[in-house]
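Chemist: Start counting the sequence shown at 0; every next residue gets the next number (numbering that gives the first Met the number 0). C-beta: ideal position from N, C-alpha, C; glycine also. Let me begin by handing over the structure; questions about it come next.
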Amino acid sequence: MLVNHERRLLNKAAEARDYRISIRKKIDDRWPADHSRLTALESLGHLERIGRSGTVDEALAVWQLTASGLTQLQALVPVGA
């Protein structure tokens with residue numbers, strides 16, 4: 000089964016109370032694979048990076064769903080789903 004990461008990540012942001020999605024750096028100082036996917040969605044205008052916080056050992060990146068992202072999500076989700 001293929002995973003549609005775009006739909007999964009946009010949906011996760013849409014389901015959050017504040018329309019935000021965040022990701023934390025791994026213990027070995029690498030970002031998880033979703034970081035590059037979220038950055039790609041940011042470059043398309045579907046997400047807006049609103050912050051990056053934490054210490055060097057515990058970095059957190061935060062994005063917020065945009066109106067464009069919500070429209071894109073609605074296009075990705077089948078009618079009646």
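1. What would DSSP say about glutamate 16, mapped onto helix, strand or coil?
2. Does DSSP put leucine 46 in a helix, a strand or coil?
3. Can you have a look at alanine 32 and say buried or exposed, based on whether 16 or more other CB atoms are within 10 angstroms of its CB?
4. Any idea what DSSP makes of arginine 29, helix, strand or coil?
5. Would you check if the distance between the CB atom of glutamine 63 and the CB atom of alanine 12 is smaller than 9 Å?
Modeler: The structure says:
1. Per the sequence shown, residue 16 should be read as arginine rather than glutamate. Three-state result, arginine 16: coil.
2. strand
3. Exposed is the call here.
4. coil
5. yes
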